[in-house]
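Notes follow the structure.
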Amino acid sequence: MFEYFPTGPYTWNLSVVATLNSGGLIDEVDRACRPIKDAANAGEDAGTPDFLRAWTALTDQLVGQAEEAEKAGHVRTAGQLWFRASNYLAQAERMLAHSDPNRVPTYRRMLEIAQKAFETHSPRVSRVEVPYEGTTLPAYFSAAPAADDGPVPVVVLVNGLDSTKEHMYASDHWEELAARGISCLMLDQPGTGEALRLQGLTARVDTEAWGAAAVDYLETRDDVDASRIGIVGWSLGGYYAPRAAAFEKRFALCVAWGANHDWGAVQRRRREREGERPVPHYWEHVLWVWGQQGDESDLDGFLDFADQVNLEGVVEQITVPFLVAHGANDRQIPLEMAHRSYDQAVNSPKRELRVFTPEEGATEHIGLDHLPYVSTFVADWVADTFAELAARRG
């Protein structure tokens, strides 16, 4: 993996790589990171305020340029600037502690910038609300151009532990799907993104509950082929999505974009400092996500709870096509977990394990070191599988 901070923390380097592989420009990223090289060496937790200040300054610069471009009538230029500004601020916000007073204001600003990007860069992406247990789940919906001619298949794209629908938007995976005639619902499910930050909705083990809500919503749309609704989850979504597909039988396919077969076991490894953590202030973050009490000095209760986040006895219930995509050098989730999810999915009519190697890239966590490569592979697999399902239906 390209490591901008040679002696800096994994979390900082992962953020830089994710940004560059989601449309960030190397000059802009370098100008943001150059002043904080020393801060990186101070440790991932201590340096996050410096990270936020540097990346916010870059965001401010792009926002100013975007506003000037709009005034001049240069909508395309403005759109590109709004899109990149959204990407940069999303990565900076992801690094903050739950207790940081800048977290919610930064996230609210992200929402505003994303909306400007839709208006100027991505007019086929819009904000939607998914009804869920007396409230709603916020999401972005990408309507594929093919939907103008009739209902099309759709993918529900779900977050991991620390991502948001704004990261999904920056990844451009929705655009790869749209080019293949597939719409995309980028969902902030409970425990992630806006649902967590602004609504206080924490994660749940039984992900089929919110998975069903997403399907219910999509079935109300005239532009959706309700017989071809798939679910794709990256990172911890590699648990969320298979669990949802196992018990919500209206999903027509499932992709674990990074296997997460036994998340509880991963937490026990992380407590012993084995393997890498995805974000600074790690234990504060996971306790917030799951609505649990305690702190890093007293994790026994949480670790017992985390053992429930496990696909043992679950993936056997998947009865639709199932893809597991994993990096051979994933420093967060051992490759062995991808094999377990694949091996146990014995009732899937079409199961595939795709391991990305160092020689081709995309070998790190969810392929962030070569994200477009994994994105196109997943999009091709989804498109092929939807086509097979349509042919079978006749």
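As numbered in our numbering, residues 770 to 1163 make up the sequence shown, in order. Ideal placement from N, C-alpha and C gives every residue a C-beta, glycine not left out. Every value quoted in this text rests on a predicted model; they were computed, and no experiment measured them.
Helix, strand or coil at residue i according to DSSP, with G and I counted as helix
i       : result
Val894  : strand
Ile1087 : coil
Phe771  : coil
Pro907  : strand
Arg997  : strand
Gly1002 : strand
Leu789  : helix
Leu794  : coil
Glu988  : helix
Asp807  : helix
Asp829  : helix
Ala815  : coil
Pro778  : coil
His843  : coil
Gly1136 : helix
Gly980  : helix
Gly1007 : helix
Cβ shell of residue i (< 8 Å), same chain only, five flanking positions each side left out
i       : result
Asn1116 : Glu1085, Gln1086, Ile1087, Thr1088
Ala859  : Met879, Thr933, Glu935, His936, Ala939
Pro1127 : Ala1097, Asn1098
Glu839  : Ala847, Thr889
Ala964  : Leu906, Pro907, Asp957, Gln958, Leu970
Phe1155 : Pro922, Ile951, Arg997, Gly999, Ala1021, Leu1022
Test item: CB-CB of residue i and residue j under 7 Å
i       : j       : result
Gly1033 : Asp1076 : yes
Ile805  : Asp819  : yes
Asp992  : Pro920  : yes
Val924  : Cys953  : yes
Gln968  : Val927  : no
Cys1023 : Phe1125 : no
Ser1004 : Gly929  : yes
Gly777  : Ala809  : yes
Asp909  : Val899  : Reading the sequence as shown, one finds Tyr at residue 909 and not Asp. No, these two residues do not count as a Cβ contact at 7 Å.
Val1001 : Trp1026 : yes
Leu1122 : Val1093 : yes
Ala861  : Trp824  : yes
Gly950  : Ala912  : no
Met1106 : Ala1028 : yes
Asn782  : Glu772  : yes
Leu946  : Ala1148 : yes
Arg1046 : Arg1039 : yes
Leu831  : Ala801  : no
Pro1011 : Leu1080 : yes
Met770  : Glu1129 : no
Residue i classed as buried or exposed, judged by whether at least 16 other C-beta atoms fall within 10 angstroms
i       : result
Thr817  : buried
Val844  : exposed
Thr875  : buried
Gln1200 : In the structure displayed, the chain extends from 770 to 1163; residue 1200 sits before or after that span and is not available.
Pro892  : exposed
Thr989  : exposed
Gln1036 : buried
Asp1138 : buried
Asp931  : buried
Asp994  : buried
Ile882  : buried
Ala841  : exposed
Gly812  : exposed
Arg966  : buried
Ala1015 : buried
Minimum Cβ-Cβ distance from residue i to chain B less than 7 Å
i      : result
Ala854 : Looking at the structure shown, chain B is missing, and only one protein chain is on hand.
Beta-carbon contacts of residue i that lie in its chain and below 6 Å, excluding the five residues immediately before and after
i       : result
Gly960  : Thr971, Ala972, Val1058
Ala886  : Trp851, Phe852, Ser855
His942  : Ser1144
Trp1052 : Glu1065
Glu1009 : The amino acid occupying residue 1009 in the given sequence is Tyr; Glu does not appear at that position. So the list reads Val927, Thr976, Gly1002, once near-sequence residues are dropped.
Ala1152 : Arg949
Ala1013 : Thr976, Glu977, Gly980, Ile1000
Lys857  : Checking the displayed sequence, the identity of residue 857 turns out to be Tyr instead of Lys. Trp824, Leu827, Thr828, listed in sequence order.
Ala1114 : Val1084, Ile1087, Phe1091, Arg1120
Own chain partners of residue i with C-beta closer than 7 Å, once the 5 adjacent residues on each side are dropped
i       : result
Asn871  : Leu821, Leu865
Ala1021 : Ser996, Arg997, Ile998, Gly999, Val1089, Leu1158
Glu1017 : Glu977, Gly980, Ala981, Val984
Arg1109 : His1030
Pro1141 : Asn790
Gly1070 : Gly1063
Tyr901  : Trp979, Ala982
Val785  : Tyr773, Val798, Cys802
Minimum length 4: unbroken alpha helix (DSSP H) runs contained in the stretch 845–896:
872–889
Segments assigned alpha helix (DSSP H), at least 4 residues, entirely inside the stretch 1016–1088
1032–1040, 1051–1059, 1069–1075
Kindly provide the ranges of any alpha helix (DSSP H) runs that are 4 or more residues long and lie completely inside the stretch 1091–1133, ordered along the chain.
1104–1113
Which ranges would you report for the alpha helix (DSSP H) in the stretch 898–975 if only whole runs of at least 4 residues count?
934–940, 942–948, 962–966
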